[in-house]
């Protein structure tokens with residue numbers, strides 16, 4: 002599981018039987034009390050029910066493999082939607098894909114309430130609780146101005162039925178063997194025959210993947226780093242292209258793998274560095290009876306000349322799934338507001354070509370392509386099966 | 127040897143949690159994904175919001191929220207624009 006905290010938004014992604022939505026109330030409270038974001042559901046910040054007013058809320062997930070084992074509001078999509086509807090105004094729920102196959106659920110709040118913001122109270126930044134039982138979203142009154150559409154893009158690849166050979170790398174035993182082999186090679190070169198997964202030097206490899214001193218890491222983290230390199234994950238956003246990129250990976254025992262990557266922005270064509278944080282996150286459950294891997298990133302497609310389809314192919318080749326879905330969320334203003342880019346015709350045609358390229362992922366047949374045209378986002382869901 | 131620049135994100139590990147995790151009973155890979163926006167961009171935080179916005183929140187403050195979710199922090203990468211939390215479960 003992973004969490005990414007930006008100045009203006011938070012992303013929380015959790016697997017297993019976690020109860021993600023049960024944390025939402027407290028998340029909104031923390032945003033109001035500790036970060037100072039405006040609230041509209043209670044009269045004062047001291048009220049324990051205070052909740053910051055979110056601009057947008059997105060909640061999504063693939064269909065569960067074992068839905069009956071989930072807890073709380075996650076036992077069914079209907080329960081989750083009821084939970085969110087009871088919390089927010091202007092929410093919409095969707096199911097995308099085959100009902101009798103792999104599909105994907107989305108709940109999204111509408112920003113249209115921004116056009117009719119509630120009256121700003123005079124005595125505090127809150128309003129009487131009696132006026133609102135649900136938390137409004139999309140309000141711009143405290144900000145002033147109109148919601149701007151930033152270059153926002155999220156790619157998610159959800160892979161099932163992983164190739165057993167590829168999945169092996171995500172077992173502790175295999176990871177340890179790879180680490181020993183790697184360290185044996187290094188030790189031989191140095192005339193040292195020790196087999197410790199921890200480095201005594203604390204140096205980083207040339208690709209920036211540190212094998213840290215034991216005091217600074219754990220076996221899970223050290224092996225996570227080894228697995229990131231061995232499986233090819235480190236090469237998706239390599240430090241040769243992204244010098245300050247950093248991966249934090251963990252190899253679970255007896256199996257399972259999680260990694261977060263932070264990819265600092267690179268300078269645009271005009272030399273300016275956008276103030277935007279980019280991330281990627283990978284989670285792997287390799288057991289054959291429930292094998293699954295996910296990859297998610299907001300690194301924009303086309304950055305450094307790499308098309309989204311190339312990233313998808315590179316990720317899919319790590320796992321060789323029997324089937325996978327790709328969801329691509331793009332803000333409609335992205336083309337017009339990408340720093341250092343002009344929204345000219347050539348850029349648009351490049352974008353069209355990039356999208357066409359996604360129809361052909363090597364070794365896979367694209368089965369479904371479903372487009373949702375939201376008010377300020379485009380969502381494209383694609384589903385592929387191995388040929 | 128690779129020499130990171132000054133802007134390189136840095137890592138903090140929660141040894142108490144990360145040392146003895148057991149994933150034997152894991153069975154459900156597909157994740158639940160929640161994304162909550164409080165402002166249109168990092169550059170457009172509303173008046174009254176602390177500098178750094180949500181990134182200014184003490185990492186420990188997220189712990190009770192993550193307890194409700196049934197996750198614990200394994201490690202954190204702090205970087206200029208985004209902080210990444212690797213979680214258990």
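Protein chains in written order, with our numbering: chain V, 2 to 388; chain C, 127 to 215. We treat Cβ as the ideally placed atom computed from N, Cα and C, and that holds for glycine.
Of the residues the options, the one placed nearest residue i, counting alpha carbons only
i: residue 255/V; options: 172/V, 327/V, 267/V and 225/V; result: 172/V
i: residue 374/V; options: 384/V, 360/V, 6/V and 329/V; result: 329/V
i: residue 101/V; options: 134/V, 91/V, 66/V and 109/V; result: 66/V
i: residue 326/V; options: 50/V, 108/V and 159/V; result: 159/V
i: residue 79/V; options: 94/V, 71/V and 72/V; result: 94/V
i: residue 284/V; options: 296/V, 362/V and 290/V; result: 296/V
i: residue 371/V; options: 236/V, 225/V and 97/V; result: 97/V
i: residue 174/V; options: 332/V, 136/V, 186/V and 227/V; result: 227/V
i: residue 171/C; options: 48/V, 36/V and 47/V; result: 36/V
i: residue 288/V; options: 48/V, 320/V, 50/V and 91/V; result: 320/V
i: residue 286/V; options: 244/V, 273/V and 251/V; result: 251/V
i: residue 237/V; options: 332/V, 316/V and 27/V; result: 316/V
i: residue 213/C; options: 222/V, 382/V, 318/V and 266/V; result: 222/V
i: residue 247/V; options: 232/V, 220/V and 266/V; result: 266/V
i: residue 183/V; options: 231/V, 111/V and 138/V; result: 231/V
i: residue 291/V; options: 146/C, 147/C, 144/C and 152/C; result: 152/C
Interface flag, residue i vs chain C, CB-CB below 8 Å
i: residue 144/V; result: Here residue 144/V scores only 42 on pLDDT, less than 50, and its place in the model should not be relied on; the value that follows carries that caveat. Yes, residue 144/V lies at the interface with chain C (some Cβ there is under 8 Å from its Cβ).
i: residue 245/V; result: yes
i: residue 91/V; result: no
i: residue 226/V; result: no
i: residue 318/V; result: no
i: residue 6/V; result: yes
i: residue 88/V; result: no
i: residue 11/V; result: yes
i: residue 373/V; result: no
i: residue 17/V; result: yes
i: residue 83/V; result: no
i: residue 179/V; result: no
i: residue 267/V; result: no
i: residue 20/V; result: yes
i: residue 58/V; result: yes
i: residue 201/V; result: Because residue 201/V sits at a pLDDT of 42, beneath the cut-off of 50, its placement in the model cannot be relied upon, and the following sentence gives the value as read from the coordinates. Closer than 8 Å: no.
i: residue 31/V; result: yes
i: residue 111/V; result: no
i: residue 14/V; result: yes
i: residue 235/V; result: no
i: residue 301/V; result: no
i: residue 369/V; result: no
i: residue 241/V; result: no
i: residue 395/V; result: Look at the range of chain V in this structure, 2 to 388, and you will see that residue 395/V is not part of it.
Interface residues of chain V facing residue i [CB-CB closer than 8 Å]
i: residue 189/C; result: Within 8 Å Cβ-Cβ: nothing; residue 189/C doesn't reach chain V, min ~10 Å.
Residue i at chain V interface by Cβ criterion, 8 Å
i: residue 142/C; result: no
i: residue 186/C; result: no
i: residue 130/C; result: Annotation note: pLDDT 45 at residue 130/C (below 50); position unreliable, coordinate value reported separately. Chain V contact via Cβ: present.
i: residue 206/C; result: yes
i: residue 215/C; result: yes
Within chain C, partners of residue i - CB distance below 7 Å
i: residue 256/V; result: 149
i: residue 61/V; result: 159
i: residue 293/V; result: 155 and 156
i: residue 53/V; result: 164
i: residue 77/V; result: Result: empty, since nearest Cβ-Cβ is about 13 Å, beyond 7 Å.
i: residue 261/V; result: 203, 210 and 212
i: residue 36/V; result: 175, 176, 179, 180, 182 and 183
i: residue 65/V; result: 154 and 156
i: residue 46/V; result: By Cβ distance, chain C contributes nothing, its closest Cβ being about 11 Å from residue 46/V, past 7 Å.
Per-residue contacts from residue i into chain A (C-beta, under 8 Å)
i: residue 164/V; result: Among the protein chains of the structure shown, namely V and C, there is no chain A.
Partners in chain C for residue i, counting only beta-carbon separations shorter than 9 Å
i: residue 388/V; result: Those do not exist, as residue 388/V stays about 23 Å from chain C at its closest Cβ, beyond 9 Å.
i: residue 185/V; result: Under the 9 Å cutoff, chain C gives no residues; its nearest Cβ is about 20 Å from residue 185/V.
i: residue 137/V; result: Ordered by position in chain C, no residue passes the 9 Å Cβ test against residue 137/V, which lies about 13 Å from the chain.
i: residue 104/V; result: Neighbours of residue 104/V on chain C: none; closest Cβ ~11 Å, over 9 Å.
i: residue 284/V; result: 155 and 157
Cβ distance (whole Å) where residue i is taken to contact residue j below 8 Å
i: residue 388/V; j: residue 358/V; result: That pair is no contact at about 17 Å.
i: residue 369/V; j: residue 99/V; result: 7 Å
i: residue 162/V; j: residue 322/V; result: 6 Å
i: residue 21/V; j: residue 13/V; result: 6 Å
i: residue 32/V; j: residue 38/V; result: 5 Å
i: residue 303/V; j: residue 355/V; result: 6 Å
i: residue 154/V; j: residue 332/V; result: 7 Å
Under 8 Å by beta carbon: chain C residues contacting residue i
i: residue 27/V; result: 190, 191 and 194
i: residue 24/V; result: 191, 192, 194 and 195
i: residue 219/V; result: 139, 141, 144 and 145
Any non-hydrogen atom of the ligand COA closer than 7 Å to residue i Cβ
i: residue 79/V; result: The ligand content of the structure shown is nil, which means the ligand COA is not present either.
- Three-pair Cβ contact test at 8 Å for the region 57-64 of chain V versus the region 157-166 of chain C: For the pair of segments examined, the region 57-64 of chain V was found to touch the region 157-166 of chain C: the number of CB pairs separated by less than 8 Å reaches three.
- Indicate whether the contact test is met: 3 or more Cβ pairs, each with one atom in the region 87-95 of chain V and one in the region 171-178 of chain C, closer than 8 Å. no
- Task: Evaluate the contact criterion for the region 244-260 of chain V versus the region 306-316 of chain V: three or more CB pairs, one atom per stretch, below 8 Å.
- Result: no
>> Would you call the region 195-210 of chain C in contact with the region 135-145 of chain C, where contact means no fewer than 3 C-beta pairs closer than 8 Å?
In response: Touching, per the Cβ criterion.
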